[in-house]
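To start, the structure itself, in structure tokens.
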Amino acid sequence: MQVDKATVRRIARLARIKITDEEAQGLEKELSGILDWVKQLDEVDTSSVEPMTRVVGQALPMRDDVVTDGEIAEAVTRNAPKSEDGFFVVPKVVE
Amino acid sequence: MTDLTKLTLSQARDGLAKKSFSATELTNAFIDRIEKANAAINAYVLPTPEHARAQAAESDKRLKAGNARPLEGLPLGNKDLFCTNGIRTTACSKILDDFKPPYESTVGQNLWDAGAVMLGKLNNDEFAMGSSNETSAFGNVVSPWRRKGKDGKRSTDKLVPGGSSGGSSAAVASDLCLAATATDTGGSIRQPAALTGTVGIKPTYGRCSRWGIVAFASSLDQAGPIAKTVRDSAIMLKAMASHDLKDSTSVEAPVPDYEAVLSKGVKGLRVGVPKEYRVDGMSKEIGKLWDDGIAWLKAAGATIHEISLPHTKYALPAYYIVAPAECSSNLARYDGMRYGLRIEGDNLIDTYEKTRAAGFGKEVRRRILIGTYVLSAGYYDAYYLKAQKVRTLIKRDFDEAWNKVDVVLTPTTPSPAFALGEKSGDPLAMYLEDIFTVTVNMAGLPGMSVPAGLSSEGTPLGLQLIGKPFDEETLFRTAQVIEDAAGRFAAPDEWWMKG
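This is the structure:
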């Protein structure tokens, strides 16, 4: 199996990571190597096996639908690269 | 006065109780030592001496008033993956920049509520992705251990402390804290413990709350301690573990007094030895270490049983689908909008792409891309679903083994500590470091590494114990038997104190 340059570019776009041509070339080889190696899982017959969804057999707990936290806009936005009046300031999305 | 930094956690606890020294004296001894040694070891990415002194002063008041808590005045290191209220937390990634969480991790809070003192934040592989601490944005951690050459002299080559909890293992092994927090997604507590002659336990998934710990792979991540002795690790885990409403995967079960079971011994205990762990090319010294462990447990009254865990060889490839998939999903949150680094681009997508390219290191980018690939349209069934099915089979192997045995004994790592740079150019070679440890995360079981001997190079080797879900007690009492037989191992020479 071979990950080509176009696939690397497509994946990097999906992952929102800018990559240079040089990096794309290196990644082609690295990703192909790793994906070839994990392909050994095809040897395992899993036709009648359920996928694991959680390791501990317990149901998700339920709680009352009440507010347990909040009114801390200052704390929430304190680490933002840009914020104003308790709001995050983000790049313009709609033209 | 004796060097307080040489004490174990339990000895320090006893010394404080007897008023042989104060929490402030103990804390200052560590602060001085960190000042001298951290440049050489690079275990701490952020020492917090003032914070530590303030906590120690409070501890001294309580000790004086006779209302000491279980860890009162005991100085610890805290892996930089644990969020600390108002104190910079980076997961050793540039993308978190100067992030100061407005909250404390539950595990951390449990420790401070028990009276422990935080000396600072410890180095780790970026987002806990690595087995050598070479992917940290703050640079490598250097192991206090050095190889012995053929002439019997210690070489000055720098060895890795293991990873991802390399700051934790190196700090404990070089007496820069009494014990440390750590996390383990595929071996990140046990492998560094093994490579530095320290004790590390990854408890059962759900035993410790993951709340406030920077996420890597949420179905595998679990917190635990690295400590100098089995007893110290038992004291630490008891304090760290809790049921937490803020983590719906944390389990509502009482946390036993692990220290109380240490003297129980292993008489009549059934110990499993999985034949699949005798991998091709296993070195003689690892084989001998394993045999020693078997002999010690047998001599202490345990019975030894060969078992089969047939899907062992598929655990690592399945892990390298599941972990990157969950990592790509978890790390999607680092978009430069709400916290951390932002590199302005021409438009929103360009800003995202530039921020993430600049903020994530090479290994993290690689794993995000693999994860994105295996989760992308048309590949989900072939990779992620397949891996989750294999995971069911890995767990089933263990479920069957528990019919015959109570605990499983294996080596922790396939080889002793390697030199900086020795494996960092080859991702697959690095991934193989976790060959004996990942199965435990895949099955959600508790696993523990305990020092058991030295390699021909004079560096530490560890044995791993694997237990039934929520049966950490059996791990602790079995580990105590190994520690009693093997002794403890301290890095010789203290070169890191010589400037």
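If you read the protein sequences in the order shown, they are chains A and B. Mapping of the first sequence onto our numbering: residues 1 to 95, in sequence order. Mapping of the second sequence onto our numbering: residues 96 to 594, in sequence order. The C-beta atom is built at its ideal place from N, Cα and C for all residues, glycine as well. This one's a predicted model, so the numbers in the text were calculated from it and none came from an experiment.
| Item | Value |
| --- | --- |
| Closer than 8 Å to chain B by CB, residue 38 of chain A | yes |
| Beta-carbon proximity check, residue 180 of chain B vs residue 197 of chain B, cutoff 8 Å | yes |
| Inside the segment 299-358 of chain B only - beta strand (DSSP E) runs reaching at least 3 residues | 317-322 |
| Enclosing alpha helix (DSSP H) for residue 363 of chain B [first to last residue] | Unbroken run through residue 363 of chain B: none, as it is neither H nor E. |
| Rounded distance between the beta-carbons of residue 450 of chain B and residue 431 of chain B, thought under 8 Å | 4 Å |
| CB contact below 8 Å: residue 54 of chain A versus chain B | yes |
| Strand pairing of residue 85 of chain B, partner residues [DSSP] | Shown here, chain B extends from 96 to 594; a query on residue 85 of chain B therefore has no answer. |
| Contact with chain A by residue 296 of chain B, beta-carbon distance below 8 Å | no |
| Residue 484 of chain B versus residue 224 of chain B - alpha carbon distance | 24 Å |
| Buried or exposed by the 16-neighbour rule on C-beta atoms within 10 Å, applied to residue 73 of chain A | exposed |
| Reference residue 567 of chain B, options B:427, B:182, B:502, B:148, closest by Cα | B:502 |
| Separation of residue 560 of chain B from residue 540 of chain B, as counted between CA atoms | 10 Å |
| Residues of the segment 49-83 of chain A with Cβ closer than 8 Å to any Cβ of chain B, in chain order | 49, 50, 51, 52, 53, 54, 55, 56, 58, 60, 61, 63, 72, 75, 76, 77, 78, 79, 80, 81, 82 |
| Residues that residue 485 of chain B contacts on chain A, provided the C-beta gap is smaller than 7 Å | 41, 44, 46 |
| Close beta carbons around residue 77 of chain A, own chain, < 8 Å, minus the five adjacent residues each side | 83, 86, 87, 88 |
| Coarse secondary structure for residue 213 of chain B, derived from DSSP in three states | strand |
| Residue-chain proximity (residue 79 of chain B, chain A), Cβ-Cβ < 8 Å | Chain B is shown only over 96 to 594; residue 79 of chain B falls outside these bounds and no answer can be derived. |
| Local Cβ density within 10 Å of residue 97 of chain B, reported as buried at 16 or more and exposed below that | exposed |
| Any C-beta of chain B under 8 Å from that of residue 90 of chain A | yes |
| Straight-line Cα distance separating residue 463 of chain B from residue 74 of chain B | Any question about residue 74 of chain B goes unanswered here, given that chain B covers just 96 to 594. |
| Cβ pair count under 8 Å reaching 3, the segment 492-500 of chain B against the segment 40-48 of chain A | no |
| Distance between beta carbons of residue 295 of chain B and residue 321 of chain B, contact taken as under 8 Å | 5 Å |
| Partner residues on chain B for residue 101 of chain A, Cβ-Cβ distance less than 7 Å | Past the boundaries of the shown model lies residue 101 of chain A; chain A is included only from 1 to 95, so the question cannot be answered. |
| Touch test, the segment 193-208 of chain B against the segment 235-254 of chain B, Cβ-Cβ under 8 Å, three pairs minimum | no |
| Closest residue to residue 213 of chain B among B:394, B:189, B:143, B:579 (Cα-Cα distance) | B:143 |
| Unbroken beta strand (DSSP E) run spanning residue 508 of chain B, endpoints | Taken as a continuous stretch (DSSP letters only), residue 508 of chain B belongs to no beta strand (DSSP E), as it is neither H nor E. |
| Chain-ordered neighbours of residue 12 of chain A on chain B, where CB pairs are closer than 7 Å | 464 |
| Chain B contact for residue 33 of chain A (CB, 8 Å cutoff) | yes |
| Element boundaries [beta strand (DSSP E), containing residue 264 of chain B] | Here residue 264 of chain B belongs to no beta strand (DSSP E); instead the alpha helix (DSSP H) covers 261-268. |
| Neighbour list for residue 301 of chain B in chain A, Cβ cutoff strictly below 7 Å | 56 |
| Residue 153 of chain B to residue 106 of chain B span [Cα, whole Å] | 20 Å |
| Contacts of residue 413 of chain B in chain A (Cβ-Cβ under 8 Å) | 38, 41 |
| Span of the beta strand (DSSP E) around residue 559 of chain B | 555-562 |
| Sheet register partners of residue 84 of chain A (DSSP bridge) | A:87 |
| Straight-line gap, residue 511 of chain B to residue 286 of chain B (C-alpha atoms, nearest Å) | 10 Å |
| Secondary structure of residue 373 of chain B, DSSP reduced to three states | coil |
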